[in-house]
Amino acid sequence: MALPPREMTRQVFFVYTFLFGGFRVVGESIRYSVAEEIPIGSFVANFAKDLGMDVKVLSSRQARLVADGLREHFLLDLKTGELVTKDRIDREVICAQIDECMVHFELLLQNPLKFFRAEVAISDVNDHSPQFPEDKFILKIPESTTIGTCFPLESAQDLDAGNNTLQNYTLTPSNEFFVLHTWERSDGSKYPEMLLAKSLDREEQPEFEFLLTAVDGGIPPRTGTASIRIIVLDANDNAPVFSQSLYRATVAENSPAGSVVSTIFAADSDQGSNGEVTYSFSQNAGKSHRAFHIDPLTGEIRISKPLDFETTEYYELSVRATDGGGLSSHCKVLVEVMDVNDNPPEVTVTSISTLLPEDSLTGTVVALFSIRDRDSGDHGRTTCSIPNDIPFTLKPTFSNYYELVTDAALDRERVSSYNVTVTAIDLGSPPLSASETVTVQILDINDNLPLFNQSSYTMYVTENNSPSLMIGGVNATDSDSGQNAKVTYSIWPENKSSLFSSPLISINSENGQVYILKTLDYEEIKDFKVTVKASDSGSPSLSTNVTIYVVIVDENDNAPVILYPMRNYSASYSELVPRAAEEGYLVTKVVAVDKDSGQNSWLSYQLLKATDPELFIVWSHNGEVRTARSISDRDAIKQKLIILVRDNGSPMLSTPAALDLLLVDGFSESHIHIPDSIEEEKYDGTLTMYLIISLTLISFLFLVSITIFIVIKVYKRKQLKKRSHYHFGDANSFPRSLADITGTGTLFQTYKYDMCLASGSDNSEFKFLKPINPSFPPQLENNEIFPKGN
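So the sequence shown is numbered by the numbering used here: it starts at -9 and just counts up by one.
This is the structure in structure tokens:
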């Protein structure tokens, strides 16, 4: 009968004290005792109290039980720290008929990893009665059987253990012919045997009926019964006799079914059927005979099913030899099973921390392994190893337990995970091995700075830019992972320019793109630098700085500025030029500057307009104004020059400069005289437009003149054809070498001429013609040039 849960007897044999701060293995186990068949949820012990541990620690450190077997029979209540039953506790199922039934398990704690070994002894209760294999047995005994002959009887089976198992047999009713003895086998089991105490007489009593009772040692005791019927046979003088009373045999556990274990022999000196012997297993051999088969005629004992040394190391068989007359005798056969290396080691991961920070100290426990080999001797001894090229090592702890611990620094950026294969090899021949692979993920810590892909950045922006213009970007990477690798960008420290009260640039914190916030002027600021900080999102955050050099690119946005001559110069004439100046004389120099830079500031000079373009020249590179020839008296006293100053930008910008020159005989006051009749020429900004208009008008007048000339020419030709019959006297007497006065010539004024014409071959007579009327052709009368008779 089970005890109440809270009053159940329990014993704590050993409690191991743990060292501070690390993982330790208990050298002794905490031991409890509990009776089988108690209800599920029954109290076993206050585990937390026995360990001297606060209940809150169990929950915070994720305490859990790890059973050695496949089934978990107990449960730890994390709220109370109590150990209670989780499943039905049946000692006969858990341990069969082993006297000391122990259930082993470990209590595991995480962070840091610790474990406590514990075991619970399952005490037996008398819940099973002895039971015979059959309810009725029949024995045939010849009447000639001698006094003292023993007759083994069938034994009963009791699944309980210890005192609760079968203890004794009784035979009822009592009689004077048979005496019952109870014997014990080498394995501790008991079997009954009858001894013939008085000679039998078939004619007086041919049969006997008895009740065989098996009694266990429980309180109260339980019993099992079977009836025995004994038939007395007529005389059969000789019973079979075995050649040996005890046979011994050895067999390897891996022997195949059907292999011969041993051969027994019994002889019977009777004749006929009384001398024919058959062999069989006696039922009192228990379960041993199920693993073997005996040939009833030859006595060969063979294996009927695979043997397992780890389950049964030896078998005790009871063999009966029976002749044809019913006489029988018994012998024992002891079969010893030899162990072979047929069980590979079993590697069991009891606990594991699959996530390991990369800054873990050397010696940090990663996993706990247990190694088991069910073979015996060297076959059951094992060695354990892991690969050499990983930063871990195996540390033996208690019994067959090993710790997997770190033995070198970890670096997630180099190796992010390890597949650790634990290999166990036994010492058998041939050796057998087993392995278990554990994957350990290395957790990232923020131990790497963000790194820019350049040591510094140079970015360019053309002046007069639009605000919020992107001019480039920076990029930094972090070899960490997750939030530790997420990089954000910022201007640090915030840019403070002496020319601007607010920052000049901004940066996108997510992608590092850099933007100009203001419109820049190259003439005000040519370059500046800022510091960009890249920070990761780890805790604590790590950062790296980089310098950005921003260069403003000049644009041709400034026209040349004339420094000399100044536009607002108030003097009437800025320069005096002596008339005695020779060719190449330096008159003056136009001085100009350009605020732009580079080729945008390269200046060239060109003489755009002059009073006398042939008198002066301007050097295009330095703006020097020199005389192109010597000055003559015909040159005007006042000269005005318009000089165009241009830069080399695109588009090109220009500025005109006006020079007023005065030609003088000398530089003394007596030589400097400016006539009042000469008008001042003034220059205005529209000179170029006037030049174009003038050129257009001149071209137009030229075309008109050409047209008129052609028209007049054609007209005159027609008139000549009409006057072809006019003659001046004798045609032969008119000199052909005279000029054709009808032509236009090159004269631009009308002149009057008196002409004298001579007649005759000797030119003795002259005639004078009247002047031709300017409105040529002349008005003739009667189609004659000269009147007849003159």
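Where is the CB? At the ideal position from N, CA and C, for every residue including glycine.
Beta carbon of residue i nearer than 7 Å to that of residue j
{"i": "residue 428", "j": "residue 357", "result": "yes"}
{"i": "residue 545", "j": "residue 452", "result": "yes"}
{"i": "residue 522", "j": "residue 554", "result": "no"}
{"i": "residue 424", "j": "residue 477", "result": "no"}
{"i": "residue 252", "j": "residue 323", "result": "yes"}
{"i": "residue 637", "j": "residue 550", "result": "yes"}
{"i": "residue 651", "j": "residue 629", "result": "yes"}
{"i": "residue 204", "j": "residue 146", "result": "yes"}
{"i": "residue 468", "j": "residue 401", "result": "no"}
{"i": "residue 45", "j": "residue 71", "result": "yes"}
{"i": "residue 313", "j": "residue 390", "result": "no"}
{"i": "residue 33", "j": "residue 93", "result": "no"}
{"i": "residue 653", "j": "residue 621", "result": "yes"}
Where the beta strand (DSSP E) containing residue i begins and where it ends
{"i": "residue 416", "result": "407 to 416"}
{"i": "residue 326", "result": "318 to 328"}
{"i": "residue 48", "result": "First-last for residue 48: 45 to 50, but that is the alpha helix (DSSP H), not the beta strand (DSSP E)."}
{"i": "residue 339", "result": "336 to 342"}
{"i": "residue 440", "result": "Premise fails: residue 440 is in no beta strand (DSSP E) and is neither H nor E."}
{"i": "residue 269", "result": "268 to 271"}
{"i": "residue 69", "result": "It is not in any beta strand (DSSP E) - residue 69 carries neither H nor E in the DSSP assignment."}
{"i": "residue 167", "result": "Segment: none, residue 167 is in no beta strand (DSSP E) and carries neither H nor E."}
{"i": "residue 214", "result": "213 to 223"}
{"i": "residue 140", "result": "140 to 142"}
{"i": "residue 236", "result": "236 to 242"}
{"i": "residue 292", "result": "290 to 293"}
{"i": "residue 629", "result": "628 to 637"}
{"i": "residue 596", "result": "593 to 600"}
{"i": "residue 565", "result": "565 to 568"}
{"i": "residue 512", "result": "No beta strand (DSSP E) holds residue 512; DSSP gives it neither H nor E."}
{"i": "residue 306", "result": "304 to 312"}
{"i": "residue 553", "result": "551 to 554"}
C-alpha distance - residue i paired with residue j, whole-angstrom precision
{"i": "residue 90", "j": "residue 113", "result": "8 Å"}
{"i": "residue 440", "j": "residue 332", "result": "57 Å"}
{"i": "residue 255", "j": "residue 181", "result": "24 Å"}
{"i": "residue 122", "j": "residue 216", "result": "7 Å"}
{"i": "residue 579", "j": "residue 683", "result": "30 Å"}
{"i": "residue 99", "j": "residue 355", "result": "12 Å"}
{"i": "residue 703", "j": "residue 693", "result": "15 Å"}
{"i": "residue 447", "j": "residue 548", "result": "29 Å"}
{"i": "residue 229", "j": "residue 191", "result": "17 Å"}
{"i": "residue 656", "j": "residue 681", "result": "34 Å"}
{"i": "residue 589", "j": "residue 455", "result": "20 Å"}
{"i": "residue 167", "j": "residue 128", "result": "16 Å"}
{"i": "residue 561", "j": "residue 706", "result": "Here residue 561 scores only 48 on pLDDT, less than 50, and its place in the model is too uncertain to base an answer on."}
{"i": "residue 649", "j": "residue 633", "result": "8 Å"}
{"i": "residue 360", "j": "residue 346", "result": "21 Å"}
{"i": "residue 197", "j": "residue 221", "result": "5 Å"}
{"i": "residue 296", "j": "residue 303", "result": "13 Å"}
{"i": "residue 162", "j": "residue 282", "result": "34 Å"}
{"i": "residue 372", "j": "residue 330", "result": "15 Å"}
{"i": "residue 151", "j": "residue 115", "result": "9 Å"}
{"i": "residue 214", "j": "residue 149", "result": "12 Å"}
{"i": "residue 108", "j": "residue 131", "result": "57 Å"}
{"i": "residue 583", "j": "residue 552", "result": "7 Å"}
{"i": "residue 403", "j": "residue 470", "result": "7 Å"}
{"i": "residue 106", "j": "residue 97", "result": "5 Å"}
{"i": "residue 431", "j": "residue 408", "result": "7 Å"}
{"i": "residue 461", "j": "residue 542", "result": "11 Å"}
{"i": "residue 497", "j": "residue 435", "result": "28 Å"}
{"i": "residue 189", "j": "residue 308", "result": "26 Å"}
Range covered by the alpha helix (DSSP H) that runs through residue i
{"i": "residue 37", "result": "37 to 40"}
{"i": "residue 83", "result": "81 to 85"}
Chain D contact for residue i (CB, 7 Å cutoff)
{"i": "residue 194", "result": "Checking the listed chains, one finds no chain D in this structure; it contains a single protein chain."}
Given 8 Å, three or more beta-carbon pairs between the region 264 to 274 and the region 232 to 247: no
Touch test, the region 500 to 520 against the region 411 to 424, Cβ-Cβ under 8 Å, three pairs minimum: no
Every unbroken beta strand (DSSP E) inside the region 450 to 510 [3 residues or more]: 459 to 463, 477 to 481, 495 to 497, 503 to 506
The region 155 to 165 contacting the region 199 to 217, beta-carbon criterion three pairs below 8 Å: yes
At least 3 beta-carbon pairs within less than 8 Å: the region 566 to 578 vs the region 596 to 604: no
3 or more residues per run - each beta strand (DSSP E) lying fully within the region 345 to 410: 345 to 347, 355 to 362, 372 to 375, 382 to 386, 391 to 396
The region 18 to 33 contacting the region 71 to 84, beta-carbon criterion three pairs below 8 Å: yes
Alpha helix (DSSP H) runs contained entirely in the region 73 to 131, provided each spans 4 or more residues: 81 to 85
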